[in-house]
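Asker:
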Amino acid sequence: MLELGDLGLDEGAHLLIKRALARDGAVTVTGTAPSLAIDLPAWCRARGHRIAPAPAGFAITAGPDRWRHAERAGGDAPVARPPARWGLAARGALVEAGAPELDLPLAVWADDAARLYAQAAAAQWDPATAIPWGAAIDHPAEIEDAVVQIMTYLIENETAALLVPVRFLGRLHPQFREVMQLLAVQAADEARHIEVFTRRARLRRAELGLSTASGQASLASLFDEHEFAVAALLLAVLGEGSFLSLLWFVHDHAPDPCTREVARLAAQDEARHVAFGLSHLAHQLAAEPALRGRLAAAIQRRHAALAHTAGLNEEVFDALLLLAAGGWDPAALRRGHAAVVALSRDMDDGRRLRLSRLGFSADDAARLSSLHTRNFM
Ligand SMILES: [Fe+2]
Ligand SMILES: [Fe+2]
């Protein structure tokens, strides 16, 4: 027996009925709310419960349990191949049968994903306050031109680094929640990098620098990769890995505090992007050692596709040299040139180290690193 008094079904009485049915499977309901005789049969019909008149009220018997065919969408750890019928359900939720299927076929995991996401969320910085935008810029105009050219080049590379992973993110199964969150914050990182490099370029100049066809050809080839692991190797491990060296180079040779700081903050974020790429590939290679062959083939394929292009544009190379030289004195230019040569060596060392951490032999790592795009990304 359930006595509702004058509590209407539209005032919360349905909770009492649901609770009684869940406990006992049947209940006799009485009440004085004026619309109860209309609301209650409609409510029962909509839920598949049987209802019949009873002395002074209604006898309700619970209908078939709608959660009978429900299933748990994984648990603490993600399921390797989650079905489309789990749709957008939270990992670990009880999913009612018949929910719409969503085409989110991509499975991407990294054992470090949760840790890297927490780190990324904690490390977000505000472009408005983190950069000394008002700091003095007192270097010669030609050095400023070099800074603007480098920033222009960085912006287009950052744009690829934002758009390439986001295309995968849009197809990622929500079961891989931590990877989804990490890629979302990573996209926000790249958005900030684009903002601060653009603002830095425009501090003293109305126009940006040059964008070359060969630089764009290199970045465009990243959009051709349809396997996440391959894209992660080319973009995150090799590309963003090389960019780590580049950003620290810009930091070390920056002619003003603002340039120094945008490079430093971007480099800190990039280190996480590289770490995620490595962590994902390590996970994937452990499950499927044959992937290593596909990764090597992808580097070779991209090298062949870009062989006819010029690689790094001369303007960027010269701008880096001038940045490191700091002026036109021949001795300074020689130092600048040596610094750019050391930068390419540093990038190559980094790529070989990361490839060997993924299980490539020293010879393979050296060969594959040398095939990496001359555009750096
Ligand atoms: Fe970036
Ligand atoms: Fe990045």
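Going by the working numbering, the sequence shown opens with residue 502, and the numbers climb by one from there.
All residues carry an ideal CB built from backbone N, CA and C; glycine is no exception.
Since the structure is predicted, the reported quantities are computational estimates derived from the model, not experimental observations.
#1: Return yes when at least one heavy atom of ligand 1 lies under 7 Å from the C-beta of E771, else no.
#2: Run through DSSP, which three-state label would I638 get?
#3: Would you say the beta carbon of E691 comes nearer than 7 Å to a heavy atom of ligand 1?
#4: Output the boundary residues of the beta strand (DSSP E) element that contains F883.
#5: Kindly examine ligand 3 and report whether one of its heavy atoms sits closer than 7 Å to the Cβ of A776.
#6: State whether the region 647 to 657 contacts the region 551 to 566, with contact taken as three or more CB pairs (one from each stretch) at a distance under 8 Å.
#7: Assign Q676 to one of two classes, buried (16 or more other C-beta atoms within 10 Å of its C-beta) or exposed (fewer than that).
#8: Between which two residues does the alpha helix (DSSP H) holding P554 run?
#9: If you reduce the DSSP assignment to three classes, tell me which class V841 lands in.
#10: If we call anything under 8 Å between Cβ atoms a contact, is H727 one with A611?
#11: Which residue spans inside the region 529 to 584 form an unbroken alpha helix (DSSP H) run of at least 4?
#12: Check whether chain B comes within 8 Å of R703, counting only Cβ atoms and requiring the distance to be less than that.
#13: Would you call the region 769 to 782 and the region 730 to 745 touching, i.e. three or more CB-CB distances under 8 Å?
#14: Count the other CB atoms within 10 Å of the CB of D613; is the residue buried (16 or more) or exposed (fewer)?
#15: Tell whether a beta-carbon distance below 8 Å holds between A534 and L508.
#16: Determine which residues share a DSSP beta bridge with A527 and list them.
#17: When burial is assigned at 16 or more other CB atoms within 10 Å of the CB, is L880 buried or exposed?
#18: Looking at C-alpha atoms only, which residue of S857, R836, L807 and L834 is the closest neighbour of N876?
#19: On the CB-based measure, 16 or more other CB atoms within 10 Å of its CB, does F861 come out buried or exposed?
#20: Which class does L735 belong to by DSSP, given the choice of helix, strand or coil?
#21: If I follow the unbroken alpha helix (DSSP H) through A797, where does it start and stop?
#22: Distance, Cα to Cα, L517 vs A600?
#23: Sort out for me which residues DSSP pairs E504 with in a bridge.
#24: Which residue from E789, M878, E691 and L854 puts its Cα closest to that of N814?
#25: Is the closest heavy atom of ligand 1 to the C-beta of A624 under 7 Å?
#26: Quick check: the region 743 to 759 against the region 633 to 646, are at least 3 beta-carbon pairs closer than 8 Å?
#27: Is there at least one non-hydrogen atom of ligand 1 closer than 7 Å to the beta-carbon of A783?
#28: For ligand 1, is there a heavy atom less than 7 Å away from the beta-carbon of E696?
#29: Below 8 Å, how does it come out for the region 713 to 726 and the region 661 to 671: are there three or more Cβ pairs, yes or no?
#30: Determine, using beta carbons only, whether A571 and A615 come nearer to each other than 8 Å.
#31: In three-state DSSP terms, what is L605?
#32: Return yes when the Cβ of I552 is within less than 8 Å of the Cβ of C545, no when it is not.
#33: Could you check whether the Cβ of E741 sits closer than 7 Å to any heavy atom belonging to ligand 2?
#34: Counting only the same chain and skipping the five closest in sequence on each side, list residues whose C-beta sits under 7 Å from that of L872.
#35: Mind pulling the alpha helix (DSSP H) runs of 4 or more residues that sit fully within the region 642 to 685?
#36: Applying the criterion that 16 or more other CB atoms from any shown protein chain within 10 Å of the CB defines a buried residue, is P583 buried or exposed?
Answerer: Walking through what the data contain:
#1: Checking the Cβ of E771 against ligand 1 gives yes.
#2: If DSSP states are grouped into helix, strand and coil, I638 belongs with coil.
#3: Answer for E691: yes, Cβ within range of ligand 1.
#4: Residue 883 lies beyond the stretch modelled for the chain, which goes from 502 to 878, so this question has no answer here.
#5: Of the ligands one can find in the structure shown, namely ligand 1 and ligand 2, none is ligand 3.
#6: Taking 8 Å as the limit for Cβ pairs, the verdict is that the region 551 to 566 does not touch the region 647 to 657.
#7: By the 10 Å Cβ count, Q676 comes out buried.
#8: Segment R551 to A555 is the beta strand (DSSP E) holding P554; no alpha helix (DSSP H) there.
#9: DSSP, read as helix, strand or coil, puts V841 in helix.
#10: Their beta carbons are not under 8 Å apart, which means H727 does not touch A611 by this criterion.
#11: Within the region 529 to 584, the complete alpha helix (DSSP H) runs of at least 4 residues are 537 to 548.
#12: The structure shown has no chain B; it contains just one protein chain.
#13: Three or more Cβ pairs closer than 8 Å define a contact, and the region 769 to 782 meets that threshold against the region 730 to 745.
#14: With 16 or more Cβ atoms within 10 Å of its Cβ, D613 is classed as buried.
#15: Cβ distance < 8 Å, so A534 and L508 count as in contact.
#16: For A527, DSSP records a beta bridge to T562.
#17: What the structure shows of the chain is the stretch from 502 to 878, and residue 880 is not part of that stretch, so it cannot be assessed.
#18: Checked all of S857, R836, L807 and L834; the closest Cα to N876 is L807.
#19: Around the beta carbon of F861, a 10 Å sphere encloses 16 or more other beta carbons of the protein chains shown; the residue is thus reported as buried.
#20: Helix at L735.
#21: Bounds of the alpha helix (DSSP H) holding A797 are L792 to L807.
#22: So the two alpha carbons sit approximately 27 Å from each other.
#23: In the DSSP output, where bridge partners are listed per residue, E504 has T531.
#24: Nearest option by C-alpha distance: M878.
#25: Not one heavy atom of ligand 1 falls within 7 Å of the beta-carbon of A624.
#26: The region 633 to 646, when compared against the region 743 to 759, does touch it at the 8 Å Cβ threshold.
#27: No, the Cβ of A783 stays beyond 7 Å of every heavy atom of ligand 1.
#28: Relative to ligand 1, E696 has its C-beta separated by 7 Å or more from all heavy atoms.
#29: Under the Cβ criterion (8 Å, minimum of three pairs), the region 713 to 726 counts as touching the region 661 to 671.
#30: Not closer than 8 Å, so no.
#31: Coil.
#32: Judged by beta-carbon spacing, I552 lies within the 8 Å limit of C545, meaning their Cβ atoms are closer than that value.
#33: Result yes, Cβ under 7 Å from ligand 2.
#34: Around L872, the same chain offers I800, Q801 and H804 as residues with beta carbons nearer than 7 Å, after the five sequence neighbours per side are excluded.
#35: Counting only runs of 4+ residues, the alpha helix (DSSP H) found wholly inside the region 642 to 685 occupies 642 to 670, in chain order.
#36: The C-beta of P583 has 16 or more other C-beta atoms within 10 Å across all chains shown, which makes the residue buried.
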